[in-house]
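Following: one structure in structure tokens, then a few remarks.
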Amino acid sequence: MGMTATELKAVAKSLGMPAFTGGQIAQWLYQKHVTGIDEMTNLSKANRELLAQHYDVGAMPPIDCQHSEDGTVKYLFPVRCSSDGTSSTAKADSHKFVETVFIPDGERATLCVSCQVGCKMNCIFCQTGKQGWQGDITAADILNQIYSLPDREKLTNLVFMGQGEPMDNLDAVLRATEILTAANGYAWSPKRITVSSVGVKGKLRRFLDESQCHVAISMHSPLHEQRLQLMPAEKAMPIAETVALLRQYDFTHQRRCSFEYICFAGLNDTPAHGRAIARLLQGLECRVNLIRFHQIPGVDLPASDEQRMEQLRDQLTRQGITTTIRASRGQDILAACGLLSTAHE
Numbered sequence: 027m028g029m030t031a032t033e034l035k036a037v038a039k040s041l042g043m044p045a046f047t048g049g050q051i052a053q054w055l056y057q058k059h060v061t062g063i064d065e066m067t068n069l070s071k072a073n074r075e076l077l078a079q080h081y082d083v084g085a086m087p088p089i090d091c092q093h094s095e096d097g098t099v100k101y102l103f104p105v106r107c108s109s110d111g112t113s114s115t116a117k118a119d120s121h122k123f124v125e126t127v128f129i130p131d132g133e134r135a136t137l138c139v140s141c142q143v144g145c146k147m148n149c150i151f152c153q154t155g156k157q158g159w160q161g162d163i164t165a166a167d168i169l170n171q172i173y174s175l176p177d178r179e180k181l182t183n184l185v186f187m188g189q190g191e192p193m194d195n196l197d198a199v200l201r202a203t204e205i206l207t208a209a210n211g212y213a214w215s216p217k218r219i220t221v222s223s224v225g226v227k228g229k230l231r232r233f234l235d236e237s238q239c240h241v242a243i244s245m246h247s248p249l250h251e252q253r254l255q256l257m258p259a260e261k262a263m264p265i266a267e268t269v270a271l272l273r274q275y276d277f278t279h280q281r282r283c284s285f286e287y288i289c290f291a292g293l294n295d296t297p298a299h300g301r302a303i304a305r306l307l308q309g310l311e312c313r314v315n316l317i318r319f320h321q322i323p324g325v326d327l328p329a330s331d332e333q334r335m336e337q338l339r340d341q342l343t344r345q346g347i348t349t350t351i352r353a354s355r356g357q358d359i360l361a362a363c364g365l366l367s368t369a370h371e
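Residue numbering for the sequence shown follows our numbering, beginning at 27 and increasing consecutively.
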């Protein structure tokens, strides 16, 4: 798992098998989701035995799950950490895990996947940031959160909004999304996948150039000084620079651009902030998702109430910016936005 069809063909050839065997392996992996090489029955017994001497599928089931009263399910997956995020043969670290959240909603079912153990960004309102960064996970481990998900067949959408900053582990994220969207992989449309970012200089541009998946930017304030207090990443790539970069790309057809905005009462949800957001985003085809703040230990920030969020939503809508209030899901199992952490697992 985590290898592209081209790489699987190279594996087959290196073991003396016909190249087309690699295509068969890709089909068994990404379309049939086998758990063992012995299940690849259109490979000869000799080839299956040879392949099993050097490789395994790499699937690892979740070791725990929690069910919310609203139907949300949070899974705990063991992971393999690597320095470059590309190794598909790294061994699982028995002390490292990520959380993955399955969110059913009628005919829609979204999976929120993680791409790092912890996070370097240290946004003050996020529990994952309080955990610190403990390693990048491999593309195989990103895919395993889908591959080994009990609810896999129900999935309609995927969001890279779990633990970690996707641009900080970009090689693994791009490899995973390539396999997800490849005809000889999962064959998903890029429109089913959204990748979030605080904005990482250089990396965000590369992602926009190399992927057609949707992009979501964590804004949380349109004001430089205030965003810097909330999000240290503002120093390296201010939100104004991020928006300027986004203006160079087309979001009028297949790809969508959105901004995530956690609302803090009296701090970033005022009419003045609404006007600043409208000025910042004027003319950019995008939407804004307003998110409730979920309290975390040691952080004294006030959460906006429903009325304040509705007022900000209506103000932005009048300014021509499509704005929604995201439903809060899984708060009772610490699965809602900003609450994921495996520091104590």
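Using N, Cα and C, we set each Cβ at its ideal position, and we do this for glycine too. Please read these numbers as outputs of a predicted model, since none were measured by experiment.
Alpha-carbon to alpha-carbon, residue j and residue i
i: ARG426; j: GLN142; result: This structure cannot speak to residue 426, because the chain is shown only from 27 to 371.
i: TYR81; j: CYS145; result: 30 Å
i: ALA270; j: ALA262; result: 14 Å
i: HIS320; j: ASN148; result: 16 Å
i: LEU181; j: GLU191; result: 22 Å
i: LEU272; j: TYR173; result: 32 Å
i: GLU366; j: ALA266; result: Residue identity differs from the one stated: residue 366 is Leu in this sequence, not Glu. Cα to Cα, the separation comes out at about 28 Å.
i: ILE347; j: PRO323; result: 33 Å
i: PHE277; j: PHE128; result: 27 Å
i: THR47; j: LEU200; result: 25 Å
i: GLN280; j: SER237; result: 12 Å
i: MET27; j: THR67; result: 18 Å
i: ILE288; j: GLU332; result: 13 Å
i: GLN92; j: LEU360; result: 9 Å
Backbone secondary structure at residue i - three-state DSSP
i: TYR275; result: coil
i: TYR101; result: strand
i: THR12; result: Absent from the structure is residue 12, since the part of the chain shown begins at 27 and ends at 371.
i: SER244; result: strand
i: ASP90; result: strand
i: ARG134; result: strand
i: GLU95; result: coil
i: SER223; result: strand
i: ALA304; result: helix
i: ASP235; result: helix
i: ASP358; result: helix
i: GLY111; result: In this prediction, GLY111 has a pLDDT of 43, which is less than 50 and means its spatial position is unreliable; what the coordinates show is noted afterwards. Residue state, collapsed to three classes: coil.
i: ASP340; result: helix
i: GLU260; result: helix
i: GLU125; result: strand
i: GLN321; result: coil
i: GLN280; result: coil
i: ALA266; result: helix
i: GLN333; result: helix
i: ASP326; result: coil
i: ASP392; result: Because residue 392 is not part of the residues shown, which for the chain are 27 to 371, the question remains open.
i: ALA116; result: Because ALA116 sits at a pLDDT of 49, beneath the cut-off of 50, its placement in the model cannot be relied upon, and the following sentence gives the value as read from the coordinates. ALA116: coil per DSSP, three-state reduction.
i: ASP162; result: strand
Proximal residues to residue i (C-beta, below 8 Å), its chain only, five neighbours per side dropped
i: SER109; result: Because the pLDDT of SER109 is 46, which lies under 50, any placement of that residue in the model is unreliable, and the number read from its coordinates should be weighed accordingly. Contacts found: ASP162.
i: ALA135; result: PHE128, ILE129, ASP177, LYS180, LEU181, THR182 and ASN183
i: GLU336; result: ILE351
i: THR220; result: ASN183, LEU184, VAL185, PHE186, MET187, CYS239, HIS240, VAL241, ALA242, ARG282 and SER284
Enclosing alpha helix (DSSP H) for residue i [first to last residue]
i: TYR287; result: TYR287 -> not in any alpha helix (DSSP H); beta strand (DSSP E) instead, spanning 283-289.
i: VAL199; result: 196-207
i: LYS156; result: 153-157
i: ILE51; result: 46-56
i: GLN255; result: 250-256
i: GLU75; result: 71-80
i: THR32; result: 31-40
Terminal residues of the beta strand (DSSP E) in which residue i lies
i: ARG313; result: 313-318
i: ASN183; result: 183-186
i: GLY144; result: 142-144
i: ILE168; result: Element bounds for ILE168: not the beta strand (DSSP E) but the alpha helix (DSSP H), 165-173.
Distance CB(residue i)-CB(residue j) smaller than 8 Å
i: CYS152; j: GLY364; result: yes
i: VAL314; j: THR349; result: yes
i: ALA36; j: GLY49; result: no
i: ALA353; j: GLU286; result: no
i: GLY62; j: ASN170; result: no
i: LYS100; j: GLY356; result: yes
i: SER244; j: PHE290; result: no
i: ILE150; j: LEU316; result: no
Own chain partners of residue i with C-beta closer than 7 Å, once the 5 adjacent residues on each side are dropped
i: LEU254; result: GLU260 and LYS261
i: GLU345; result: Looking at the sequence itself, residue 345 is Gln, so the reference to Glu does not match. ALA304.
i: PRO297; result: GLN341
i: ALA45; result: LYS35, ALA38 and LYS39
i: MET193; result: SER223, VAL226, LYS229, LEU230 and PHE233
i: PRO264; result: HIS250
i: THR115; result: Here the model assigns THR115 a pLDDT of 45, short of 50, so the residue's position is not dependable, and the following value carries that caveat. Result list for THR115: empty, nothing under 7 Å.
Same chain only: Cβ atoms within 6 Å of residue i, ignoring 5 sequence neighbours per side
i: GLY211; result: TYR56 and ILE205
i: SER113; result: Only weak support exists for where SER113 lies, its pLDDT of 45 falling under 50; the coordinates are left without a value.
i: LEU41; result: LEU76
i: PRO258; result: ASN148
i: ASN294; result: SER247
i: SER97; result: Contrary to the premise, residue 97 reads as Gly rather than Ser in this sequence. These residues qualify, in order along the chain: PRO130.
i: CYS138; result: VAL127, VAL185, MET187 and GLY188
i: THR207; result: TRP214 and PRO216
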